Amino acid sequence: MKKSVYVCICLMLFLTASIVWKTQAVSYQSSVQTGDSEQASQDNQMLQTLSRGSELIVTGRCLDTRSVWTQNNRVLITLATIEVGETVKGEAGSTVTVALPGGVDVNRKFPVAMTYPGAPTINQNEEVLLFLNANDSVADSYAVSGFSDGKFSIIEDERGNKLVSRDDIRGKVATGPGVVRGQRQFVPVAEFKNKIREHLGQ
109 MKKSVYVCIC
119 LMLFLTASIV
129 WKTQAVSYQS
139 SVQTGDSEQA
149 SQDNQMLQTL
159 SRGSELIVTG
169 RCLDTRSVWT
179 QNNRVLITLA
189 TIEVGETVKG
199 EAGSTVTVAL
209 PGGVDVNRKF
219 PVAMTYPGAP
229 TINQNEEVLL
239 FLNANDSVAD
249 SYAVSGFSDG
259 KFSIIEDERG
269 NKLVSRDDIR
279 GKVATGPGVV
289 RGQRQFVPVA
299 EFKNKIREHL
309 GQ
C-alpha cells in the first residue's frame with residue numbers, strides 16, 4: 109500500500125515537472141522568436157534609413173589605405189581607395205576615396221596613432237558594400253553613412269556564394285546544417301541589394 113502511494117506521488121511530481129518544463133520551453137521559444145522578429149524589424153529600418161539617406165551606395169574592393177593629417181595637422185584619418193564593382197545608387201567613377209576616422213603615422217620619430225571606438229575600418233583587399241555621403245572635410249572623398257552602420261564586408265562561403273556580413277572574416281565561411289555562427293548574420297549579396305532597391309523604390 110505504502111509502495112503504491114509512493115509510486116503515485118513520484119508520478120505526480122514527474123508530471124508536474126514535465127508540465128512546468130514544457131511551459132517554460134514554449135515561453136522561451138516564443139521570446140526568442142519575438143526577439144528575432146524585433147531585431148529583423150530594427151535591421152530593416154536601419155537599412156531603409158541608410159538606403160534613403162546615402163548619396164552613393166557601391167560594392168567594391170579596397171586597393172590600398174593610407175593615413176593623412178587634416179585640420180592643420182590636428183586630426184589623423186585613413187583614406188581607403190575602393191575599386192568600384194557595382195553602383196547601386198548614385199554615380200561613381202572606377203574608384204572612390206573613403207575617409208575613415210583615425211589612422212597611424214609611422215613617419216615620425218615616435219609613431220602616432222589615433223583611434224575612435226566603433227569607427228568603420230576597411231582593410232586592403234577587403235571586398236565591401238558601402239553606404240556613402242560626401243565628406244566636407246576632405247576634398248573628393250566620401251564618409252561612411254551612420255559611422256560604422258554603413259559599412260558591410262562581402263565574404264564567400266565554402267560554395268563560393270557571396271554573402272554580406274558585419275565582419276571582415278578571412279577565409280571561407282562554413283554553411284549548412286549544424287554550423288554555429290554565433291551572433292553573426294550572413295545575407296546573400298543579391299538579396300541584400302534587392303532589399304536596398306526596394307527601399308529606394310527601384
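If you read the sequence shown in my numbering, its first letter stands for residue 109, the second for the next number, and so on.
Where a beta carbon is used, it is the ideal one built from N, C-alpha and C, also for glycine.
None of these values were measured; they are calculated from a predicted model.
Using the Cα positions of residue i and residue j, report the straight-line distance between them to the nearest angstrom.
i, j, result
"residue 160", "residue 238", "13 angstroms"
"residue 298", "residue 192", "16 angstroms"
"residue 272", "residue 256", "14 angstroms"
"residue 275", "residue 179", "30 angstroms"
"residue 188", "residue 228", "11 angstroms"
"residue 309", "residue 194", "18 angstroms"
"residue 230", "residue 170", "7 angstroms"
"residue 135", "residue 245", "Its pLDDT being 40, under 50, residue 135 is placed unreliably by the model, and nothing is read from it."
"residue 270", "residue 145", "25 angstroms"
"residue 240", "residue 268", "27 angstroms"
"residue 304", "residue 156", "7 angstroms"
"residue 182", "residue 266", "45 angstroms"
"residue 264", "residue 218", "39 angstroms"
"residue 242", "residue 216", "30 angstroms"
"residue 294", "residue 247", "34 angstroms"
"residue 158", "residue 296", "18 angstroms"
Under 8 angstroms, do residue i and residue j count as touching if we go by C-beta distance?
i, j, result
"residue 196", "residue 301", "yes"
"residue 198", "residue 164", "yes"
"residue 184", "residue 222", "yes"
"residue 190", "residue 220", "no"
Exposed or buried, residue i, counting other C-beta atoms within 10 Å across all chains shown (16 or more means buried)?
i, result
"residue 200", "buried"
"residue 214", "exposed"
"residue 306", "exposed"
"residue 202", "exposed"
"residue 186", "buried"
"residue 168", "buried"
"residue 162", "buried"
"residue 226", "exposed"
Give the DSSP bridge partners of residue i, in chain order.
i, result
"residue 185", "176, 209"
"residue 222", "211"
"residue 267", "DSSP output for residue 267 lists no bridge partner at all."
"residue 169", "191, 235"
"residue 260", "237"
"residue 229", "Beta-bridge pairing links residue 229 to no other residue."
"residue 197", "165"
Does chain D have any CB closer than 8 angstroms to the CB of residue i?
i, result
"residue 160", "Absent here is chain D; the protein component of the structure consists of one chain."
Open item on the list: Does the structure place the segment 174-183 close enough to the segment 147-155 that three or more beta carbon pairs sit under 8 angstroms?
Closed with: no
- [ ] Would you check if the segment 253-264 and the segment 229-238 touch, i.e. whether three or more CB-CB distances between them fall below 8 angstroms?
- [x] The segment 229-238 makes contact with the segment 253-264; the number of CB pairs closer than 8 angstroms reaches 3 or more.
Task: Stretch pair the segment 249-257 + the segment 206-217: three plus CB contacts closer than 8 angstroms - done: yes
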